[in-house]
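One structure below.
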Amino acid sequence: MEAKTLAELVTEAGSRYAGQPAYIWRPGLRAVRFTYGDVYQTARRAAALLEQHGVRPGDRVLLWAVNSPYWVSAFFGCQLHGAVAVPLMVQNTPDFVSRIAEFTEARLILKSPARHIALAGIPALDVESALAAAADDEFTPANPDPEDIAQILFTSGTTGVPKGVPLKHRNILANVRDILTLDLITPGDHLMSILPLAHAFEQVASLFTAMALGLTVTQAASLSGLRIRNNMIEDHPTILVAVPEFLKLAVQQIEAKAEKAGRKEKLQTLFRLGPKLPAFVRRRLARPVLSRFGGRLRRVISGGSALDPAVGEKWEALGVPVIQGYGATECSPVVSANRPRGRKVASVGPPLPSVQVKLAPDGEILVKGPNVADGYYRRPDETAERFRDGWYHTDDLGAFDGDGHLRIKGRKKFLIVTPAGENVYPEDVENELNREPEVRDSAVLGRQSDARFEIHAVLLPKPGAALDARAVVERVNPRLQPHQRVQGVSVWEGEDFPRTATRKVKKNEVLAWLAAREAPEAAAGLPVPVGAVERVVARAVGRPADQIRPEMRLEGDLKLDSLGRVTLVGLIEEELGVVLDEGQIGPQTTVADIKDLVGRREQKEERYEFREWPLSTPARAVRALGWSLFFRPYLRWVARPEVVGCEHLEGLQGPVLFLPNHRSPIDGGVALHALPRRFRRNTAIAAATDVLYEHPATARWAGVVELLFNTYPFDRVGQVKSSLQYTGRLMDRGFSVMLFPEGQMEQEGHLLEVRGGAGIIAVEIGAPVVPVGLTGTDLVVSPKTDRIVLPRRGRVRVAFGEPLRFASGTDYEAAGAAIQEALRRLVA
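Read in order, the letters of the sequence shown correspond to residues 47 to 874 in our numbering.
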């Protein structure tokens with residue numbers, strides 16, 4: 047890597063890897079794909095946009111948006127223009143963003159469409175729409191110097207203004223050069239990105255190292271484990287960059303799935319014997335498990351907080367080594383990392399080649415190197431305290447083993463010193479507590495209680511677990527040293543601990559909760575400590591969070607209609623990482639009900655699996671042969687179709703969304719027969735899950751129908767979102783889709799009302815929409831039959847309408863009305 051600044055890095059990548067895929071992002075139904083050429087050209091447009099809004103080199107630009115290729119381009123647009131990027135967590139509140147904007151004297155805010163803020167004198171632009179619409183890429187290049195500040199990253203904080211860390215171009219690229227020497231990530235790898243790009247750990251992997259090597263990165267649009275796994279199944283990444291909390295939850299879900307399938311003993315045997323087996327044997331035995339992560343995952347890189355060694359050993363037993371590292375935002379961020387060879391699960395590896403690490407007399411880790419920042423932004427006192435004599439004082443405690451590997455013992459400020467003067471490292475106790483089957487996570491603290499000091503554990507139970515906190519402590523204490531033993535215990539009452547962006551527990555807030563819990567005025571009716579659900583509901587309805595009450599009903603009190611409830615489910619998934627079943631949420635659902643569903647944190651499985659084999663080359667060959675030899679001749683004889691409107695399909699490029707009305711069970715076959723061959727061979731039919739796949743009369747034939755007609759399950763109620771997302775995945779692969787917008791069959795030959803979901807998919811699918819009018823099919827096979835019957839000869843009419851195109855942002859109800867009117871004209 048020759049680049050000396052981030053502006054040079056994106057310019058080199060845009061030239062060297064111009065045609066190579068860079069970022070894949072699935073915010074809705076379709077994937078957004080950027081090549082490195084796209085990233086560079088969009089970054090140029092971003093730089094021009096900054097110039098047009100009066101941003102000068104050195105000015106601060108806030109990035110308050112979800113991970114996306116547009117985020118990446120906006121960030122590098124700042125670098126090309128010479129502006130200082132200030133990335134913020136998308137979960138930050140408008141009040142917090144306002145304080146940062148004032149503190150940094152920001153000139154512009156680039157944000158996600160769902161984020162709203164109005165500040166005097168500071169324009170706020172939706173980054174996606176602004177960059178998608180920008181055409182001008184002419185600007186005055188800044189040619190920044192390696193000593194210039196590239197970005198300011200702020201540490202987590204909810205009150206006041208947290209510390210900002212100005213990182214220079216040379217700091218960041220020194221870290222990247224060191225990482226490239228370790229061969230953790232190599233050319234040809236495909237990265238799965240799940241952490242916010244406002245965090246330095248995610249940046250160094252999926253932004254800077256990926257760009258230096260020209261790698262493809264899949265960016266998760268949601269924190270949901272289910273959505274992340276779906277992305278991995280689709281894109282087959284080889285490297286997962288994750289925090290320990292995600293790895294722990296993934297292992298828990300693997301164990302729960304194995305127990306449900308009656309394979310718990312086999313999995314435990316693999317965990318026990320895996321470390322003794324060669325890696326290729328472990329991967330072979332674990333193939334069913336690894337297939338849920340795409341099947342090609344070869345390495346996990348863990349950072350951001352301490353990894354429980356037991357979790358790391360389980361991943362190793364599956365044949366996926368976990369490479370743990372250690373760092374801090376002030377160090378750009380990586381300080382040390384395990385190497386592929388000689389790694390130790392319980393350590394964070396040796397220091398990077400250009401980084402020096404030493405331990406203070408009290409065990410605090412001190413760091414020096416070209417990656418270390420010069421201090422904090424406009425905070426001279428904190429800078430003087432933490433940056434002394436060329437060394438950064440991390441506030442972390444550690445020790446070196448005999449091989450030079452660094453081991454982290456915990457935060458200095460949370461070190462527990464007993465009255466007898468003995469040190470207790472909370473992570474040691476937490477690791478033991480977390481091994482208990484009912485415990486999802488724990489936080490161990492030293493505190494005064496009733497005029498005496500105690501080691502206190504706060505336990506977070508697993509969903510649905512009956513947690514006896516005292517019994518857990520009684521089982522764990524004998525495994526601990528006498529001075530480590532837990533003396534007090536509480537059960538956390540919220541859906542999760544308060545956490546930072548990298549999923550570290552905010553122990554200061556846990557301590558505050560404990561103190562409030564014991565205050566006299568809080569003896570009864572203590573509120574749930576984490577108001578995450580209330581905040582999300584407030585955002586969905588546009589009200590302050592303190593106005594949201596548990597008894598409020600979604601429709602009657604909060605005025606959320608069916609589309610509003612879909613939006614709420616999406617926000618819960620995006621911000622809380624919990625996938626809710628839409629079928630459980632209706633007009634009478636209360637906020638308390640939502641909190642209960644989120645609190646259970648059920649990582650639901652699909653009602654019906656979306657199978658890949660119908661899309662395979664052999665299945666398509668069988669389908670083509672069946673249609674040529676039997677179905678087309680038979681349909682010509684039994685239905686004698688009259689096809690009109692084919693001129694509307696001439697020159698139309700796929701994929702296309704075909705929307706026929708629905709009068710008979712044979713509608714899909716008749717409409718498919720009428721399509722030109724180029725569409726017929728590459729069209730999938732959305733079939734109602736409850737009709738084809740779950741009805742006793744038809745379920746046994748579902749596989750045959752899938753083979754011959756390329757159907758897939760589409761939920762009319764319940765997990766509609768999963769069906770919509772799979773529809774988008776099909777279109778991303780080049781398949782057109784046929785979907786019946788009425789949602790059920792017409793019983794009297796009269797057109798039914800087009801369902802709201804049709805408007806959603808028509809707008810969000812980003813493809814031409816062709817209405818298809820069918821008449822006469824109900825005379826061939828009656829819609830009232832509930833079993834397979836022989837058709838009667840008849841004459842049907844298939845009419846293709848003019849393609850409809852809906853721009854992004856079109857009102858869903860307006861789109862549905864347009865589809866309704868088009869179908870009405872075609873069947874009149």
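By construction, the Cβ of each residue, glycine as well, lies at the ideal position given by its N, Cα and C atoms.
Notebook entry, point to check: Which value, in whole angstroms, describes the spacing of the CA atoms of Gly123 and Ala49?
Noted result: As a first step, residue 123 must be located in the sequence shown, where it is residue number 77. As a first step, residue 49 must be located in the sequence shown, where it is residue number 3. The straight-line gap from Cα to Cα measures roughly 16 Å.
Next item on the list: Within the same chain, show all residues whose beta-carbon is closer than 6 Å to that of Val173, passing over the 5 residues directly before and after it, in chain order.
Entry: Position 127 of the sequence shown holds residue 173. Excluding residues within five positions, the ones whose Cβ falls inside 6 Å are Ala111, Tyr116, Ala120, Leu156.
Next item on the list: Can you give me the Cβ contacts of Ile865 inside the same chain, cut-off strictly under 8 Å, excluding the 5 residues immediately before and after it?
Entry: On the sequence shown, residue 865 is found 819 positions in, with the first residue counted as 1. Within the same chain, Ile865 has close Cβ partners Leu705, Pro787, Val800, Ala804, Gly805, Ala808, Val815, Pro817, Leu850.
Notebook entry, point to check: Thinking C-beta only, is Ser382 closer than 9 Å to Val357?
Noted result: The sequence position of residue 357 within the sequence shown is 311, counting from 1. The sequence position of residue 382 within the sequence shown is 336, counting from 1. No. Outside cutoff.
Margin query: Which residue marks the beginning of the alpha helix (DSSP H) containing Thr636, and which one marks its end?
Written below: The residue labelled residue 636 in the question sits at position 590 within the sequence shown. Premise fails: Thr636 is in no alpha helix (DSSP H) and is neither H nor E.
Note to self: So, with DSSP's three-state summary, where would you put His502?
What the structure shows: Position 456 of the sequence shown, counted from the start, is the residue given in the question as residue 502. DSSP places His502 in strand when its eight states are reduced to three.
Margin query: Since Ala547 and Leu213 should fall inside the 8 Å C-beta cutoff, what is the C-beta to C-beta distance between them, to a whole number of angstroms?
Written below: Within the sequence shown, the letter at position 501 stands for residue 547. Within the sequence shown, the letter at position 167 stands for residue 213. That pair is no contact at about 17 Å.
Check: On the three-state DSSP scale, how would you describe Ala730?
Finding: Mapped onto the sequence shown, residue 730 falls at position 684. Reduced to three states, the DSSP call for Ala730 is strand.
Note to self: So, for Phe200: in the same chain, excluding its five sequence neighbours on each side, which residues have a beta-carbon less than 6 Å away from its beta-carbon?
What the structure shows: Translated into the one-based positions of the sequence shown, residue 200 becomes position 154. Excluding positions up to five away in sequence, the list reads Pro208, Gly210.
Item checked: Three-state secondary structure (DSSP) of Asp824 -> Here residue 824 refers to the residue found at position 778 when the sequence shown is read from its first residue. Of the three classes helix, strand and coil, the one that applies to Asp824 here is helix, per DSSP.
Next item on the list: From the DSSP output, read off the bridge partner residues of Gly373.
Entry: Within the sequence shown, numbered from 1, the residue matching residue 373 stands at position 327. Val380.
Notebook entry, point to check: In terms of residues, what are the limits of the alpha helix (DSSP H) holding Ala251?
Noted result: Along the sequence shown, read from residue 1 onward, the residue named residue 251 stands at position 205. Element bounds for Ala251: n/a, residue is neither H nor E.
Notebook entry, point to check: Does DSSP put Gly715 in a helix, a strand or coil?
Noted result: To locate residue 715, count along the sequence shown from 1; it is residue 669. Three-state DSSP puts Gly715 in a helix.
Note to self: Which same chain residues end up closer than 8 Å to His694 when comparing Cβ atoms and leaving out the 5 residues on each side of it in sequence?
What the structure shows: As a position in the sequence shown, residue 694 is number 648, starting the count at 1. Contacts found: Val816, Phe846, Gly847, Glu848, Pro849.
Next item on the list: Return yes when the Cβ of His282 is within less than 9 Å of the Cβ of Arg342, no when it is not.
Entry: As a first step, residue 342 is located in the sequence shown; it is residue number 296 there, counting from the start. As a first step, residue 282 is located in the sequence shown; it is residue number 236 there, counting from the start. Yes. Within cutoff.
Checklist line | C-alpha gap between Ala561 and Phe460, whole angstroms | finding: As a working mapping, residue 561 is identified with position 515 in the sequence shown. As a working mapping, residue 460 is identified with position 414 in the sequence shown. Ala561 and Phe460: Cα-Cα distance of roughly 16 Å.
Checklist line | Residues that Ile411 bridges to, as DSSP identifies them | finding: Counting from one through the sequence shown, the residue named residue 411 turns up at place 365. Per DSSP, Leu405.
Note to self: Can you list, in chain order, the residues of its chain with a C-beta nearer than 6 Å to that of Val751? Leave out the 5 residues immediately preceding and following it.
What the structure shows: For the purposes of this step, residue 751 is taken as the residue at position 705 of the sequence shown. Closer than 6 Å at Cβ, skipping near neighbours: Thr757.
Note to self: By alpha-carbon positions, which one of Ile168, Gln125, Ala129 ends up nearest to Arg145?
What the structure shows: Taking the sequence shown and counting its residues from 1, the one referred to as residue 145 is at position 99. Selected option, being the one with the closest Cα: Ile168.
Margin query: Can you tell me where the beta strand (DSSP E) holding Trp437 begins and where it ends?
Written below: Start at 1 with the first residue of the sequence shown, and residue 437 comes out as number 391. Counting along the chain, the beta strand (DSSP E) containing Trp437 begins and ends at 437-446.
Next item on the list: With hydrogens ignored, establish whether the beta-carbon of Gly83 is closer than 8 Å to any heavy atom of the ligand SAH.
Entry: Among the components of this structure there are no ligands whatsoever, and the ligand SAH is therefore not found.
Margin query: Given this structure, state the Cα-to-Cα distance separating Ala874 from His719, to the nearest angstrom.
Written below: Counting from one through the sequence shown, the residue named residue 874 turns up at place 828. Counting from one through the sequence shown, the residue named residue 719 turns up at place 673. Each residue's Cα considered, the two are about 22 Å apart.
Note to self: Could you compute how far the alpha carbon of Gln530 sits from the alpha carbon of Arg563?
What the structure shows: Translated into the one-based positions of the sequence shown, residue 530 becomes position 484. Translated into the one-based positions of the sequence shown, residue 563 becomes position 517. Their backbone Cα atoms lie some 24 Å apart in a straight line.
Checklist line | Euclidean distance between Cα positions of Val132 and Gln249 | finding: Taking the sequence shown and counting its residues from 1, the one referred to as residue 132 is at position 86. Taking the sequence shown and counting its residues from 1, the one referred to as residue 249 is at position 203. In a straight line, the C-alpha of Val132 is about 13 Å away from that of Gln249.
Notebook entry, point to check: Which residue spans inside the stretch 58-107 form an unbroken alpha helix (DSSP H) run of at least 4?
Noted result: The stretch 58-107 contains these whole alpha helix (DSSP H) runs: 82-98.
Note to self: Suppose contacts are defined by Cβ-Cβ distances below 9 Å. Is Asp40 in contact with Ala129 by that definition?
What the structure shows: Residue numbering for the chain in the displayed model covers 47 to 874; residue 40 lies beyond these limits and cannot be assessed.
Next item on the list: For Arg486, collect the residues of the same chain with a Cβ closer than 7 Å to its Cβ; drop the 5 residues on either side in sequence, then sort them by chain order.
Entry: Locating residue 486 in the sequence shown gives position 440, where the first residue counts as 1. Leu506, Pro507, Lys508.
Next item on the list: May I ask you to report which of helix, strand or coil DSSP gives Ala196?
Entry: As a first step, residue 196 is located in the sequence shown; it is residue number 150 there, counting from the start. Residue state, collapsed to three classes: strand.
Notebook entry, point to check: Tell me which same chain residues have a C-beta within less than 7 Å of the C-beta of Ser252, skipping the five on either side of it?
Noted result: The sequence position of residue 252 within the sequence shown is 206, counting from 1. Counting only Cβ-Cβ distances below 7 Å, and skipping sequence neighbours, we find Leu237, Ser239, Val263, Val287.
Next item on the list: With DSSP collapsed to three states, give me the class of Leu286.
Entry: Within the sequence shown, the letter at position 240 stands for residue 286. Three-state result, Leu286: strand.
Note to self: Can you list, in chain order, the residues of its chain with a C-beta nearer than 6 Å to that of Pro573? Leave out the 5 residues immediately preceding and following it.
What the structure shows: Here residue 573 refers to the residue found at position 527 when the sequence shown is read from its first residue. With a pLDDT of only 38 at Pro573, under 50, the local geometry of the prediction cannot be trusted, and no value is derived from it.
Check: Per DSSP, which one or two residues make a beta bridge with Phe149?
Finding: For the purposes of this step, residue 149 is identified with residue 103 of the sequence shown, where counting begins at 1. The partner list for Phe149 (beta bridge, DSSP) is empty, contrary to what the question assumes.
Note to self: Can you check whether the C-beta of Leu506 is within less than 9 Å of a C-beta belonging to chain C?
What the structure shows: Any reference to chain C falls outside this structure, which holds one protein chain only.
Note to self: Please return the same chain residues whose Cβ sits closer than 7 Å to the Cβ of Gly571, not counting the five positions on each side in sequence.
What the structure shows: Mapped onto the sequence shown, residue 571 falls at position 525. With a pLDDT of only 36 at Gly571, under the threshold of 50, the placement of this residue in the model should not be trusted; the figure read from the coordinates follows. Cβ within range, chain order: n/a, list empty.
Note to self: Cutting at 8 Å between CB atoms, please list the residues of its own chain near Arg91, excluding the five before and the five after it.
What the structure shows: Within the sequence shown, the letter at position 45 stands for residue 91. Closer than 8 Å at the Cβ level, and outside the excluded window around Arg91, lie Ser119, Gly123, Leu177, Ala180, Ala181, Asp182, Asp183.
Next item on the list: Measure the alpha-carbon distance for Arg424 versus Phe149 and round it to whole angstroms.
Entry: The residue given as residue 424 occupies position 378 in the sequence shown. The residue given as residue 149 occupies position 103 in the sequence shown. If you take the alpha carbons of Arg424 and Phe149, they lie about 9 Å apart.
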